[in-house]
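Novice: Going down the list, the protein sequences come from chains E and L.
Sequential numbering from 6 applies to the first sequence in the working numbering.
Sequential numbering from 6 applies to the second sequence in the working numbering.
Heads up, the beta-carbon is just placed ideally off N, CA and C, and yes, glycines get one too.
Protein chains: 2
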Amino acid sequence: MAPRIAVVGATGVVGRAILGILEEREFPIDELRCLASSRSAGQAQLQFRGRWYPVGLADAEAFAGCDLALFSAGASTARALAPAAVAAGCRVVDNSSAFRQDPDIPLVVPEVNGARLDAGPSIVANPNCSTIQLTVALAPLHRAFGLRRLHLATYQAASGAGRALVEALRTQSREMADGRPPVAVAYPHPLAGNVVPGGWRAEGDATEEEVKIVAETRRILGLPDLLIGCTTVRVPVAVGHAEAVWAAFERLVTPEEARAVLESAPGVQVVDDLEEDLYPTPLAAAGTDPVYVGRIRADLGEPGALSLFIVADNLRKGAALNAVQIAERLMGIPAVSLTPRARTRPFL
Amino acid sequence: MAPRIAVVGATGVVGRAILGILEEREFPIDELRCLASSRSAGQAQLQFRGRWYPVGLADAEAFAGCDLALFSAGASTARALAPAAVAAGCRVVDNSSAFRQDPDIPLVVPEVNGARLDAGPSIVANPNCSTIQLTVALAPLHRAFGLRRLHLATYQAASGAGRALVEALRTQSREMADGRPPVAVAYPHPLAGNVVPGGWRAEGDATEEEVKIVAETRRILGLPDLLIGCTTVRVPVAVGHAEAVWAAFERLVTPEEARAVLESAPGVQVVDDLEEDLYPTPLAAAGTDPVYVGRIRADLGEPGALSLFIVADNLRKGAALNAVQIAERLMGIPAVSLTPRARTRPFL
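1. Please decide whether Phe150 (chain L) counts as near chain E, where near means a Cβ-Cβ distance under 8 Å.
2. Can you check whether the C-beta of Arg185 (chain L) is within less than 8 Å of a C-beta belonging to chain E?
3. Using only the alpha-carbon positions, how far apart do Lys217 (chain L) and Glu208 (chain L) sit?
4. Just the C-alpha distance for His246 (chain L) and Glu180 (chain L), rounded to the nearest angstrom, thanks.
5. Determine the extent of the beta strand (DSSP E) in which Ala253 (chain L) is found, giving its start and end residues.
6. Suppose the cutoff is 8 Å on Cβ atoms and the five residues either side in sequence are ignored; what does the same chain contact list for Pro345 (chain L) look like?
7. For Ile315 (chain L), decide whether its Cβ has a neighbour in chain E, counting only Cβ atoms nearer than 8 Å.
8. Taking only the alpha-carbon atoms, compute the straight-line gap between Glu215 (chain E) and Gln177 (chain L) and give it to the nearest angstrom.
9. Is the beta carbon of Leu112 (chain L) less than 8 Å from the beta carbon of Glu28 (chain L)?
10. Can you list the residues of chain E that Glu307 (chain L) reaches, using a CB-CB cut of under 9 Å?
11. What residue from L:Arg334, L:Pro339, L:Phe314 and L:Val341 has the CA that sits closest to Thr140 (chain L)'s CA?
12. Check whether chain B comes within 8 Å of His147 (chain E), counting only Cβ atoms and requiring the distance to be less than that.
13. What beta strand (DSSP E) runs, 3 residues minimum, are completely inside the stretch 26-108 of chain E?
14. Can you pull out the residues from the stretch 167-191 of chain L whose beta carbon lies closer than 8 Å to at least one beta carbon of chain E?
15. Going by Cα to Cα distance, which pick from L:Ala158, L:Asp64 and L:Gly125 is closest to Val200 (chain L)?
16. Going by other Cβ atoms of all chains shown within 10 Å of its Cβ, with 16 needed for buried, is Thr259 (chain L) buried or exposed?
17. Please list, in chain order, all residues of the same chain as Ala270 (chain E) whose beta carbon is under 6 Å from its beta carbon, the five residues on each side excluded.
18. With Val12 (chain L) and Leu75 (chain L) assumed to form a contact (beta carbons below 8 Å), what rounded beta-carbon distance in angstroms separates them?
19. State whether the stretch 40-51 of chain L contacts the stretch 330-342 of chain L, with contact taken as three or more CB pairs (one from each stretch) at a distance under 8 Å.
20. Could you tell me whether the Cβ atoms of Pro241 (chain L) and Gly203 (chain L) are closer together than 8 Å?
21. What residue range is occupied by the uninterrupted alpha helix (DSSP H) comprising Thr222 (chain L)?
22. Kindly confirm or deny that the stretch 274-288 of chain L and the stretch 120-134 of chain L touch, where touching means at least three C-beta pairs closer than 8 Å.
23. Could you tell me how far apart the beta carbons of Ala169 (chain E) and Ala191 (chain E) are, in whole angstroms, since I believe they sit closer than 8 Å?
24. Please name the residue or residues paired with Glu208 (chain L) in a DSSP beta bridge.
25. Looking at Ala22 (chain L): is its Cβ nearer than 8 Å to the Cβ of Arg321 (chain L)?
26. Out of E:Gly61, E:Glu36 and E:Gly14, which has the shortest C-alpha to C-alpha gap to Met6 (chain E)?
27. Going by Cα to Cα distance, which pick from L:Ala69, L:Gly14 and L:Leu267 is closest to Arg44 (chain L)?
28. Please state whether the Cβ-Cβ distance between Leu51 (chain L) and Thr16 (chain L) is less than 8 Å.
29. Could you tell me if Leu226 (chain E) is buried or exposed, where buried requires 16 or more neighbouring beta carbons within 10 angstroms of its beta carbon?
30. Nearest by alpha-carbon distance to Phe393 (chain E): which of E:Cys134, E:Asp123 and E:His147 is it?
31. In the structure shown, what three-state DSSP assignment does Val426 (chain E) receive?
32. Which one of E:Gly151, E:Ile233 and E:Val219 has the shortest CA to CA distance from Gly309 (chain E)?
33. Taking the C-alpha atoms as reference points, what is the distance between Arg56 (chain L) and Leu267 (chain L)?
34. Could you tell me the alpha carbon to alpha carbon distance between Gly165 (chain E) and Ala173 (chain E), rounded to whole angstroms?
35. Output yes or no for whether 8 Å exceeds the beta carbon distance between Leu196 (chain L) and Ala163 (chain L).
36. Pick helix, strand or coil for Ala317 (chain E), following the three-state DSSP scheme.
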């Protein structure tokens, strides 16, 4: 029998992306419950497979009879409700940071450490968007060459901060096009025509995002002491995170060796011909499933190290797709092949 | 007597910025000649100190009687005409790449190696925009601690590629705001809503910009073997380049030591309080003179190394202002103090 599924935070950017991806991948579903906080519950209806679904209140009673709950509703909601969902017999896949550093709860990128799902955990944590695309690209290189040190600068899309910032970016873009100064909304600085190396919560001299990338990358790759220098930057892009990455390994690696590894890596698509202006960009990646890797070359800052540029759709592989892939493996549902191009527009 | 000045490439983005900065800084001028290629000469008039100037043809005869020529007209024009300007008795400051690697011609950032001007060179090369802001921030750290290794990812504004890309970005931004897909113009990919890790000429697996940053930074800092890993990326920003930088030194450096050095460094303004969302951004830097440095912290990728975020107006300090500062020192004109905020809008 197909599972009965609850989507918690169904009205959010990632919640809607989860519904879209469940539909795209023809995930077998016996019953769907769209759940949200009291702010959205009862207000909205969500379309799924041509039917409209009411949005119910996400509370402890909402999971009775469900087999699977996909959470994308923030850490405090996850902490409050995931235990109730588990008690009701659900498997939980949580897209918040609530459980990502809990040693009893696996933090999973299916292409990297999907075997952690085979023990049948009741809760699985879905990593941070920036970390997912980074580890999909780096894990095969780590397996081949032994990762030793990492530096990365991010170019992160507005949708990673939710719909309000996407709307603010649109409004600001119109303001700029009309010759008016853009007004900061939903972020400490205007995002249109700007790049902002902050806006996440500060944890000392690091952004919360930088702290997450370091801790989650170490955990997923099983390298608790990995040296990672990281600067996170928000850019005026709606969908698609990019990362300029430098990686040093236990042995000297050539770009040709790296390219060969990446070309056969699961979930990775190499786009790399600078002469032909072929490299990954967020605009091309938005609405598609792969993690794109390009600009593969020697790091001239460290002999034998590599320089890479990694791009993925932050709402799909960075969030909803990774959660649905986890759910597929948890529920024993065969994964469909990756969509090379979106069947739909980016989820926004 | 005040110098007679020729501005070559006067109708371009940087040429107009040079005129604006000469005006702002009340540079003493006895006579001004605005010169351009046959495409623009005779067509346009340029305003300077409330007067309109015709645009003359930049040819070998145009420099007779001039004392100073400020070139911003590309490398082939510089190679063709700078010798004629010198023969006519001009000092030349050239903003192209033509002479930047010529060992007989100094490559100067006044705050870094301005003493190279005191010998009275006939031609001075103005560095690449990305290199200028990088070396203004790094030179004082190098002097204090001995620079050993550098990694940087850039966030470069459209204006660095000229007016056509700024116009294309505006058009594409309107297209996106109207829900239409942006069309690539003046660049191999759309820039609105995108980040593009290329678009410069390819030199093997590096962009021409990456090659320039490596070669020019080494030359200006006097470190011919400095290890520099660099990825250049164009972002949908009109004015203002940003750089995420990691720097390792001969000795272990603390962020506090680095901040103290940067706070007294010429041309640098430290903007660094993450808790208060204070860090440099291109939108705030555009139209102003300083090189802004923020996000000053330990590089968690390498013990004792530093992580920085460096931003400057690429048309001002990255091009026109640096050229005018060179000209001031060459001609023995006292430099005015930096403008903390623009008196005018960004030059565009």
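Specialist: Walking through what the data contain:
1. For the purposes of this step, residue 150 (chain L) is identified with residue 145 of the second sequence, where counting begins at 1. Contact with chain E is absent for Phe150 (chain L), since none of that chain's Cβ atoms lies less than 8 Å from the residue's Cβ.
2. Reading the second sequence from its first residue, position 180 is the one you call residue 185 (chain L). Closer than 8 Å: no.
3. Translated into positions along the second sequence, residue 217 (chain L) becomes position 212. Translated into positions along the second sequence, residue 208 (chain L) becomes position 203. One C-alpha to the other measures close to 10 Å.
4. For this step, residue 246 (chain L) is matched to residue 241 along the second sequence. For this step, residue 180 (chain L) is matched to residue 175 along the second sequence. In a straight line, the C-alpha of His246 (chain L) is about 24 Å away from that of Glu180 (chain L).
5. As a first step, residue 253 (chain L) must be located in the second sequence, where it is residue number 248. Note, Ala253 (chain L): beta strand (DSSP E), His246 to Phe254.
6. In the second sequence, the residue the question calls residue 345 (chain L) occupies position 340. Residue confidence is low: Pro345 (chain L) scores 46 on pLDDT, short of 50, so the model does not pin down where it sits. Its coordinate-derived value is still stated next. Contacts found: Gln274, Thr293, Asp294 and Pro295.
7. Taking the second sequence and counting its residues from 1, one reaches residue 315 (chain L) at position 310. Chain E, which has no Cβ nearer than 8 Å to the Cβ of Ile315 (chain L), makes this no.
8. Locating residue 215 (chain E) in the first sequence gives position 210, where the first residue counts as 1. Locating residue 177 (chain L) in the second sequence gives position 172, where the first residue counts as 1. Distance between the alpha carbons of Glu215 (chain E) and Gln177 (chain L): 31 Å.
9. Translated into the one-based positions of the second sequence, residue 112 (chain L) becomes position 107. Translated into the one-based positions of the second sequence, residue 28 (chain L) becomes position 23. In this structure, Leu112 (chain L) sits away from Glu28 (chain L), with a CB-CB distance that is not shorter than 8 Å.
10. The residue labelled residue 307 (chain L) in the question sits at position 302 within the second sequence. Under the 9 Å cutoff, chain E gives Arg154, His156, Leu232 and Gly234.
11. Counting from 1 along the second sequence, the entry for residue 140 (chain L) is found at position 135. When only C-alpha atoms are compared, the closest one is L:Phe314.
12. This model lacks chain B altogether, as its protein chains are E and L.
13. List check, beta strand (DSSP E) in window: 36-41, 50-53, 56-62, 73-76 and 96-99.
14. Arg175, Ser178, Arg179, Met181, Ala182 and Pro187
15. Numbered from its first residue, the second sequence carries residue 200 (chain L) at position 195. For the residues L:Ala158, L:Asp64 and L:Gly125, the minimum Cα distance to Val200 (chain L) belongs to L:Ala158.
16. To locate residue 259 (chain L), count along the second sequence from 1; it is residue 254. It is exposed - the Cβ of Thr259 (chain L) has fewer than 16 other Cβ atoms within 10 Å.
17. For the purposes of this step, residue 270 (chain E) is taken as the residue at position 265 of the first sequence. Within its own chain, the residues whose Cβ lies closer than 6 Å to the Cβ of Ala270 (chain E), once the five positions on either side in sequence are excluded, are Pro145, listed in chain order.
18. Start at 1 with the first residue of the second sequence, and residue 12 (chain L) comes out as number 7. Start at 1 with the first residue of the second sequence, and residue 75 (chain L) comes out as number 70. Correct: roughly 5 Å between the Cβ atoms.
19. no
20. The residue you call residue 241 (chain L) lines up with position 236 of the second sequence. The residue you call residue 203 (chain L) lines up with position 198 of the second sequence. No.
21. Translated into positions along the second sequence, residue 222 (chain L) becomes position 217. Its alpha helix (DSSP H) spans residues Glu213 to Leu226.
22. No, the stretch 274-288 of chain L does not touch the stretch 120-134 of chain L.
23. What you label residue 169 (chain E) is simply residue 164 of the first sequence in a count that begins at 1. What you label residue 191 (chain E) is simply residue 186 of the first sequence in a count that begins at 1. Indeed, because the Cβ distance is near 4 Å, the residues count as touching under 8 Å.
24. Mapped onto the second sequence, residue 208 (chain L) falls at position 203. Paired residue(s): L:Ala211.
25. Against the second sequence, residue 22 (chain L) aligns to sequence position 17. Against the second sequence, residue 321 (chain L) aligns to sequence position 316. Contact: yes.
26. Working through the first sequence from its first residue, we reach residue 6 (chain E) at position 1. Ranking E:Gly61, E:Glu36 and E:Gly14 by Cα distance to Met6 (chain E) puts E:Glu36 first.
27. The residue you call residue 44 (chain L) lines up with position 39 of the second sequence. Nearest of L:Ala69, L:Gly14 and L:Leu267 to Arg44 (chain L), Cα basis: L:Gly14.
28. As a first step, residue 51 (chain L) is located in the second sequence; it is residue number 46 there, counting from the start. As a first step, residue 16 (chain L) is located in the second sequence; it is residue number 11 there, counting from the start. A contact, by the Cβ cut-off of 8 Å.
29. Numbered from 1 along the first sequence, position 221 holds the residue referred to as residue 226 (chain E). Answer is buried; the Cβ neighbour count reaches 16.
30. The first residue shown for chain E is 6 and the last is 353, placing residue 393 (chain E) beyond what the model contains.
31. Residue 426 (chain E) lies beyond the residue range present for chain E, which begins at 6 and ends at 353; the question has no answer from this structure.
32. Mapped onto the first sequence, residue 309 (chain E) falls at position 304. Nearest C-alpha to Gly309 (chain E): E:Gly151.
33. Looking up residue 56 (chain L) in the second sequence gives position 51. Looking up residue 267 (chain L) in the second sequence gives position 262. Between Arg56 (chain L) and Leu267 (chain L), the C-alpha separation is close to 40 Å.
34. Residue numbering aside, residue 165 (chain E) sits at position 160 when the first sequence is read from its first letter. Residue numbering aside, residue 173 (chain E) sits at position 168 when the first sequence is read from its first letter. Across the structure, Gly165 (chain E) and Ala173 (chain E) are spaced so that their CA atoms are roughly 13 Å apart.
35. One-based indexing of the second sequence puts residue 196 (chain L) at position 191. One-based indexing of the second sequence puts residue 163 (chain L) at position 158. Yes, the pair counts as a contact, with Cβ atoms nearer than the cut-off.
36. Here residue 317 (chain E) refers to the residue found at position 312 of the first sequence. DSSP places Ala317 (chain E) in strand when its eight states are reduced to three.
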